[in-house]
Amino acid sequence: MKFFFFGLLLGILLAFVPLVAPHGGFVLSAEWYGNSDTPDAIQPSPSIEMSGETIPPLKSASGVHLLNASGALMASFPSGGKIIAPGAGGEYLALYEQAGKYIEFFNIKGDRFWKINSLEYPFLSSRSKIILLLNGDHSAIRLVDFNGNPVGVKYVSGRFCSTIAFSKNSDFSSAGFLDGNYYLFDEKGNIVHSGNTGGAMIKSMAISQNGHFLALHSGWGNSDRIRLIDIARNTFREKNLRSVHHTRMPLHIRDDGSCAYIDAGKITVVNRRASMQFEIDIPMPREGHASIDFKNDVYTIAYPLEKGGSNFFIIRKTGEVLFVKKFEHEEFLDCAMGNTFILVKGMKNLYCYSYHNPAIQ
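Under this note's numbering, the first residue of the sequence shown is numbered 2, with each subsequent residue one higher.
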């Protein structure tokens, strides 16, 4: 109950506090606050426009929850002590155990579509048309479709899969390996591009929503670099990073090939030819989970700070900083955008905003 009354009070207060950035008329308004462990206690925003979108699925100790952007709980799926792997769209999910013998595929309402014998770990594409099944020693991936049937190339292998990535709001997928091999799969599971970084381990990957561009972050020893791949032209450009990243770095690539990342205390955006578009100096990040999203000509960026807490930025694609906020008590942040909402998520706390960008609306 304490979460209910706290969320209710804070939600009411925030709903009446518009945050207006003085640059270009961009308006950001706080809509609701909540806790991922008690999504039913969130006081929803009255916004009818926001109710037409869903936010990314929320995982809690009890299961997975799907909310619309106004904060109303639409559906929940209990874990029952098992592990849930939801698609980013939230409509479908896979259920499995750490050392189980099978994988089950459900929709968020609880309807089961299939069950297959498998010791693998499932990873679902955004709309769940493609599922990558990674084996226990990370040396091989099987591809199955929405119906659980082998699809496309069906199988790839390598020396320890170090990262798997999916496109947003589409079903392109990718896998990178410790030996530098990487693969990009289309929405039917076919390999549309593959290559090798020259033996440098793949650390991070990102795919454009249209599947036309792939970004790779790789490194070995004392140097890291970014590779930007134009799939249609079968060409790539590379750019050396200033620092070595021991974990995945936040990486985003747009449909025009522009790539955004955080490196050495800077937010950097380069074009598809790896030429600088802009850089912004930021308080020094701490290695750990961070995220970048892009929608309607605006970036949202969240990352942990070296001296504690986390920072959140909203930046135009031209490099104009619209909004900055430090979350003092959040050790990490995630962020996501829709047409009407911006969601900032900490370990458990949820902060949802609506936005208006006159430059595109």
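Where is the CB? At the ideal position from N, CA and C, for every residue including glycine.
Note that this is a predicted model, so its numbers are computed, not measured.
According to DSSP, residues forming a beta bridge with R1 | In the structure as shown, the chain starts at 2 and stops at 362, and residue 1 therefore has no counterpart that could be examined.
In the DSSP assignment, find the unbroken beta strand (DSSP E) run with G200 in it and report its ends.
-> Premise fails: G200 is in no beta strand (DSSP E) and is neither H nor E.
Kindly indicate which residue of A176, N350 and Y122 has the alpha-carbon position closest to the one of F333.
-> Ranked by how close their Cα comes to the Cα of F333, the residues A176, N350 and Y122 have N350 in first place.
D38 burial status per 10 Å Cβ neighbour count (16 or more: buried) | Exposed is the call here.
So D256 and S209 are in contact, right, with Cβ under 8 Å, and what is the actual spacing, rounded?
-> Indeed, because the Cβ distance is near 5 Å, the residues count as touching under 8 Å.
Beta-carbon separation of G220 and A233 under 8 Å?
-> Contact flag unset, no.
Under the rule that 16 or more other beta-carbon atoms within 10 Å means buried, what is E307, buried or exposed?
-> The residue is exposed, with fewer than 16 neighbouring Cβ atoms inside 10 Å.
Going by C-alpha distance, which of E92, E321 and N148 is nearest A398?
-> Summary: the structure shown does not reach residue 398, with the chain confined to residues 2 through 362, and so no result is reported for it.
State the Cα-Cα distance for the pair W115 and A176, rounded to the nearest angstrom.
-> If you draw a straight line from the Cα of W115 to the Cα of A176, it comes to about 25 Å.
DSSP beta-bridge partners for G153?
-> Answer is none; G153 lacks a bridge partner.
Count the other C-beta atoms from every protein chain shown that fall within 10 angstroms of the C-beta of F314, then say buried if there are 16 or more, exposed otherwise.
-> A residue is called buried when at least 16 other Cβ atoms come within 10 angstroms of its Cβ; F314 meets this threshold and is buried.
Ordered along the chain, which non-local residues of its own chain (more than five positions away) have a Cβ less than 6 Å from that of G90?
-> Taking C-beta separations shorter than 6 Å and ignoring five residues to either side along the sequence, the partners of G90 in its chain run S127 and R128, following chain order.
Do I85 and I104 have their C-beta atoms closer together than 8 Å?
-> At the C-beta level, I85 and I104 stay beyond 8 Å of one another.
Can you grab the Cα-Cα spacing for the pair F17 / S71, in whole Å?
-> With a pLDDT of 37 at F17, under the threshold of 50, the modelled position of that residue is not reliable, and no figure is offered here.
What is the DSSP secondary structure of S52, reduced to helix, strand or coil?
-> Assigned with DSSP and collapsed to three states, S52 falls in helix.
I131: first and last residue of the uninterrupted beta strand (DSSP E) it sits in = It spans I131 to L135 - the beta strand (DSSP E) in which I131 sits, taken as one unbroken run.
Own chain, CB closer than 6 Å to S52, minus 5 neighbours either side, in chain order = Closer than 6 Å at the Cβ level, and outside the excluded window around S52, lie N69 and S71.
May I ask you to list the residues that DSSP assigns as paired with S158?
-> For S158, which the question treats as bridged, DSSP gives the partners A141.
Cβ neighbour criterion (16 or more within 10 Å) applied to N95 | It is worth fixing the name first, because residue 95 is Ala in this sequence and not Asn. The residue is buried, with at least 16 neighbouring Cβ atoms inside 10 Å.
Y156: buried (16+ other C-beta within 10 angstroms of its C-beta) or exposed?
-> Exposed, by the Cβ-count rule.
When the Cα atoms are used, what is the spatial distance from K346 to G88?
-> Rounded to whole angstroms, the gap between the alpha carbons of K346 and G88 is 17 Å.
Could you give the distance in angstroms between the alpha-carbon of N358 and the alpha-carbon of F295?
-> N358 and F295 have their C-alpha atoms spaced approximately 13 Å apart.
Cβ atoms of L252 and H218: under 8 Å apart, would you say?
-> A Cβ-Cβ contact shorter than 8 Å links H218 with L252.
Write down every uninterrupted run of the beta strand (DSSP E) in the stretch 304-335 whose length is 3 residues or greater and which is fully enclosed by it, in chain order.
-> Entirely contained in the stretch 304-335, the beta strand (DSSP E) runs reaching 3 residues are, in chain order, 311-317 and 322-328.
From this set, K204, D225, V152 and S259, which residue's C-alpha is nearest D231's C-alpha?
-> Comparing Cα-Cα distances from D231 to each of K204, D225, V152 and S259, the minimum goes to S259.
Counterpart residues of I281 in DSSP-defined beta bridges = Among the bridge pairs identified by DSSP, I281 is matched with I268.
With DSSP run on the structure shown, which of helix, strand or coil describes A275?
-> Note: A275 maps to coil in three-state DSSP.
What are the partner residues of E105, as DSSP defines its beta bridges?
-> DSSP lists L96 and K116 as partners of E105.
Helix, strand or coil at D231 [DSSP, three-state] | D231: strand per DSSP, three-state reduction.
In angstroms, rounded to a whole number, what distance separates the CA positions of S276 and V154?
-> Roughly 34 Å between the two C-alpha positions.
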